[in-house]
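Below is one structure, written out as structure tokens; comments come after it.
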Amino acid sequence: MSANTPDLLDAWRMVANRRSFEGRLPLSAMTRLQGLLADTEGDVRYTAEFDHDALRVPYLELQIEANLPLVCQRSLQRFVLPVTLKQRLGLVRSEEEEAALPPDYEALLVPEDGMLRPADLVEDELVLAVPVVAVDPASDAVEREWAADEEEVAKTSPFAALASLKKN
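Residue 70 in my numbering sits at position 74 of the sequence shown, with consecutive numbering throughout.
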């Protein structure tokens, strides 16, 4: 396993050689992810393993570990969301090949030149892992009955007049 992951990898050569890489990326280098985070402190550890399965389907398996700093939408405080992902990406040359992938694979359309940027793939997976509404599991739930104020109680229902007409 290589400790240094190149910026660009030839996907087909990596599959043929059954190569594995591991690396670290700072959160500050992930421009698309930055807008979803509270700040960019920390880094991401990942491994990328190229191989093919028993059906000779080429794949890239990504394992990602990160602590993402988010803003809780309940308390508006910063919290850290631990993320651990394991994703198997089936490498395809065209969209037609996607239908032949096993059900537990996600399709990854490889460009014509066969070159992939591992950092972009890691960032893609982390963007998908960020919840739509980030809520710190340690924050208190806001489940409360809100009583009607005096003005609302004093108001008569607009349908009260209709009810009296119906009785007549």
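In this text, a Cβ means the ideal position worked out from N, Cα and C, and glycines have one as well.
Three-state class that DSSP yields for residue i in the structure shown
i	result
D120	helix
T27	helix
E108	coil
K163	helix
R20	strand
Cβ-Cβ distance between residue i and residue j below 8 angstroms
i	j	result
L112	L5	yes
I60	L81	yes
R70	S135	yes
For residue i, the residue or residues it bridges with in DSSP
i	result
F168	As displayed, the chain neither begins before -3 nor continues past 164, which places residue 168 out of reach and without an answer.
E102	L85
Cβ-based neighbour list, residue i, same chain, cut-off 6 angstroms, excluding 5 preceding and 5 following
i	result
L77	L64 and L66
R20	D39 and R41
A159	none
L29	E119, L122 and V123
K163	none
Spatial neighbours of residue i in its chain, beta-carbon cut-off 8 angstroms, leaving aside the 5 residues before and after
i	result
R74	A34, D35, P65, L66, V67 and C68
Y101	V53, Y55, R84, L85 and G86
Close-in-space but distant-in-sequence residues of the same chain around residue i (CB under 7 angstroms, 5 per side omitted)
i	result
V118	L21, V40, Y42, L58 and I60
A125	V79 and L81
H48	V11, P54 and Y55
* beta strand (DSSP E) runs wholly inside the region 27 to 84, at least 3 long, in chain order -> Fully enclosed beta strand (DSSP E) runs of 3 or longer: 39 to 48 and 54 to 67.
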